[in-house]
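Presented below is the structure to which this report refers.
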Amino acid sequence: VGGMSRLGVLLFGGKGADQLGLGDVWEYQSNFSGACIEGTYATSPEAEINNTCTMCPNGSTSFLGSDSNLDCECDWGYEGSSGGADCTPCPPGEYKTWTVLVERDLPRTCQQCPIDTYKETSGGGGCLQCPNGTTTGHLLGGGSSNLSDCKCREGAEGGP
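Basically the working numbering = 1-based index in the sequence shown + 87.
Structural data, given as structure tokens:
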């Protein structure tokens, strides 16, 4: 179709390169052209053509071919609003192992570690399971930030 590769035909139903707009991804003669990579966005059509895309703010990412700072979303281990300008790391005891780029129905905020788990660091990573025979059930609502919060279950011996 008018100089487009099979990839271009599959992605855009046969539209020619001159019919694609800002943020569109297309392949011409085996070269990718006109696309900002993941974690960046275009501020103008010229930015994509000249490969001068702008990085999303720290702690955020975007889809391939993004054309606005509003496409930047807080990455795994960070929370904040659309646009990625205010992404802050999840504190100890909280996690976020998704980005709304992948899971649109999940919250944009960090969540407390579930009972029987803990997370000692800020930022990315998930909550770790307490050792066998221990629990964080004595804490109201979970959100443990330290292995020492894993206490022996009633009737169990030992501990961390």
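Ideal Cβ placement from N, Cα and C applies to all residues, glycine included.
request  = Tell me, please, whether the CB atom of Thr222 is closer than 8 Å to any CB atom in chain C?
outcome  = Among the chains of the structure shown, chain C does not appear; only one protein chain is present.
ask   = Can you tell me the Cα-Cα spacing of Leu227 and Gly171, whole angstroms?
value = 31 Å
ask   = Taking just the CA atoms, how far does Gly152 sit from Phe119?
value = Its pLDDT being 45, under 50, Phe119 is placed unreliably by the model, and the measurement read from it follows with that caveat. Going by the C-alpha atoms only, they are around 11 Å apart.
task = With DSSP as the reference, label Leu157 as helix, strand or coil.
result = helix
query = For Lys238, which beta-bridge partners are listed by DSSP?
reply = Lys238 pairs with Thr222.
ask   = Expressed to the nearest angstrom, what Euclidean distance is found between the alpha-carbon atoms of Gly180 and Thr208?
value = In a straight line, the C-alpha of Gly180 is about 8 Å away from that of Thr208.
key: When Ser169, Thr127, Pro218, Asn233 are compared against Arg240, the one with the closest alpha-carbon   = Pro218
task = Return helix, strand or coil for Glu135, following the three-state DSSP convention.
result = helix
message = If contacts are defined as beta-carbon pairs under 8 Å, then Gly164 and Gly211 qualify, I think. What distance do you get, rounded to the angstrom?
response = Confirmed, Cβ separation roughly 3 Å.
task = Would you kindly work out how many angstroms separate the C-alpha atoms of Glu257 and Met142, rounded to a whole number?
result = No answer is possible for residue 257: it lies beyond the span of the chain, which begins at 88 and ends at 247.
task = Check each candidate in Gly224, Thr186, Thr222, Gly230 and name the one with the smallest Cα separation from Gln198.
result = Gly230
query = Got a sec? Which residues, its chain only, sit under 6 Å from Gln216 by beta carbon, not counting five neighbours each side?
reply = Thr204
task = Select from His225, Ala129, Ile202 the residue whose C-alpha is nearest the C-alpha of Cys159.
result = Ala129
query = How many angstroms separate the CA atom of Thr175 from the CA atom of Pro201?
reply = 21 Å
request  = Assign Ser168 to buried or exposed, taking buried as 16 or more other Cβ atoms, counted over all protein chains shown, within 10 Å of its Cβ.
outcome  = By the 10 Å Cβ count, Ser168 comes out exposed.
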